[in-house]
Amino acid sequence: MRSRTGLRFTMSVLAVAFGLVAGAAYAQGTKKVINALTITSYPPFSFKDPASNKLTGFDIDAFNAMAAKMGAEVNWVETSFDQLISFSALKTKRVDINGSSMGDAAERRASVNFLDHVYEGQVFYTLRANAERFPNVDAVCGKRVAVTRSSGVMNDAVMNWSEENCVKAGKPAVIVMGSENSAQSQQMLNQGRVDASLSGAGSLAYQNTIESNRYAILGKPVIKVMYGMGFRKDDLQFGEALKKALAALIADGTYVQLLRKWHLTDDASIERPMINGQP
């Protein structure tokens, strides 16, 4: 009887100790206030609600929910895409994380670590009113296509597609027209300055919900990009705490709810959080 009582007591102590250790794993990497950098022109990921002028989007909702799991608050700091991908605010410790989605590219990993949290396929698209000019995706060859100039991933994807599908087939190459961001790409398309553009499929689906199905997708995704949020390479405990928080959102169904809320397709799901592409 005494041995059983002692065993129960020992197991209770171990359970409490395990709970304290698990809690400490969050606590060691958690900040009371997390300063998060974001862009404001990339719906449905991070943008300003036209009605309220407040930050909103999948990234905003997801990161706020992650911070709540960590017992922290988020101070959002707005910036441009060029500043976001320069990582200057991270390096100087003005912020703790780049909270906007960006492609987890090998060259960027030289500067920061990425919490990978969502996928998005990149597709060619045009105005639905001009769709008859594109009987198939090969009609993009020789056309002016707006691409965010600071996104190496998107530019490389278009150039590689052009080489394989246009140049090697004896057709004129795609004419890449640089833009500041996806919003300017759409503006260039609407003004007739380009014939098509490249965008994330999720972003385009969202735009069609608020612009009466204005845009038409041309063909299948050119590339599927894994998006991450960048944090400092020496902030490993913070990274692990973020990873645990994202795993908790996936486990309790919040993650899927947010994907659906922002019209992101099922193949956008990361399924399990990763850092630099590794579970």
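Count along the sequence shown from 1, then add 3; that gives the number in our numbering. Just so it is clear, CB atoms sit at the ideal spot from N, CA and C, and this is done for glycine as well. Since we're looking at a predicted model, the values are computed, not measured.
query: Among 64, 40, 52, the one whose alpha carbon lies nearest that of residue 262; result: 64
query: Exposed unless 16 or more other CB atoms sit within 10 angstroms - verdict on residue 123; result: buried
query: Cut-off 6 Å between Cβ atoms - residues of its own chain near residue 147, not counting five sequence neighbours on either side; result: 178, 180, 197, 198
query: Local conformation of residue 227 per DSSP, three classes; result: strand
query: Closest residue to residue 112 among 237, 220, 258, 244 (Cα-Cα distance); result: 237
query: Separation of residue 75 from residue 210, as counted between CA atoms; result: 32 Å
query: Where residue 260 falls: helix, strand or coil (DSSP); result: helix
query: Residue 116, buried or exposed, once every other Cβ within 10 Å from all chains shown has been counted against 16; result: buried
query: Reduced DSSP secondary structure (H/G/I, E/B, other) of residue 265; result: coil
query: Given residue 104 as reference, the closest of 138, 97, 39 once Cα atoms are compared; result: 39
query: Run of the beta strand (DSSP E) containing residue 180, from where it starts to where it stops; result: 178 to 182
query: For residue 56, three-class secondary structure by DSSP; result: coil
query: Residues near residue 225 by beta carbon distance below 6 Å, same chain, minus five either side; result: 125, 160, 164
query: Cβ-based burial, residue 173 [other Cβ within 10 Å; buried from 16]; result: exposed
query: Environment of residue 195 [buried if 16+ CB atoms lie within 10 Å]; result: exposed
query: Residue 84 and residue 153 closer than 8 Å at C-beta; result: yes
query: Environment of residue 46 [buried if 16+ CB atoms lie within 10 Å]; result: buried
query: Touching by the beta-carbon criterion (3+ pairs, under 8 Å), the region 129 to 140 and the region 211 to 218; result: yes
query: Where residue 149 sits in the DSSP three-state scheme; result: strand
query: From 98, 87, 267, 202, residue whose alpha carbon lies closest to that of residue 151; result: 202
query: Spatial neighbours of residue 257 in its chain, beta-carbon cut-off 7 Å, leaving aside the 5 residues before and after; result: 68
query: Between the CA atoms of residue 170 and residue 250 - distance to the nearest angstrom; result: 44 Å
query: Three-way DSSP call (helix, strand, coil) for residue 51 in this model; result: strand
query: Cβ pair residue 266, residue 208 closer than 8 Å; result: yes
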